[in-house]
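Student: Starting off with a structure, shown below.
Residue numbers (the numbering used here): 387 to 488.
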């Protein structure tokens, strides 16, 4: 027996970034990224899940040409925040789990 399952997923994505050369050898960059998904409503009668991911970053790049060779070093720092929302059977309520890291 076959069963037809219809899954409706929606989501959005955005990414912004900027790089700037302070000198011919030194550049900095910053960026932001956002991703969100939702595959149905969240309630006790279905198993929909919603998620959100955001990150912020900054970096520094030092580069130098040596003849036909390009030598560079990169340092980056970032902050990431993620969130998942789903129905909790144990709590009989919508539950959101968050996590962040640097």
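Backbone N, C-alpha and C define an ideal beta-carbon position, used for all residues, glycine too.
#1: Near residue 464, which residues of its chain fall below 8 Å by C-beta distance, leaving aside the five closest residues on each side in sequence?
#2: Got a sec, what are the start and stop residues for the beta strand (DSSP E) residue 486 sits in?
#3: Output needed for residue 390: all residues of its chain with C-beta closer than 6 Å, excluding positions within five of it in sequence on either side, in chain order.
#4: Skipping 5 residues on each side, what residues in its chain have a beta carbon closer than 7 Å to that of residue 485?
#5: Can you check DSSP and say which residues form a bridge with residue 411?
#6: DSSP three-state call for residue 390: helix, strand or coil?
#7: Please confirm if the stretch 408 to 417 is in contact with the stretch 445 to 457, defined as three or more CB-CB distances below 8 Å between the two stretches.
#8: For residue 439 versus residue 420, is the C-beta spacing smaller than 9 Å?
#9: Would you grab the beta carbon distance between residue 436 and residue 471 for me? Rounded to a whole angstrom, and I think it's under 8 Å.
Tutor: In short:
#1: 441, 442, 443, 444 and 488
#2: 479 to 487
#3: Residue placement at residue 390 cannot be trusted, given a pLDDT of 47 that sits under 50; what the coordinates show is reported in the next sentence. Once the five neighbours on either side are set aside, residue 390 has no close Cβ partner at all.
#4: The beta carbon of residue 485 sits closer than 7 Å to those of 468, all from its chain and outside the five residues before and after it, given in chain order.
#5: Answer is none; residue 411 lacks a bridge partner.
#6: Only weak support exists for where residue 390 lies, its pLDDT of 47 falling under 50; the coordinates are left without a value.
#7: yes
#8: Yes. Within cutoff.
#9: 4 Å
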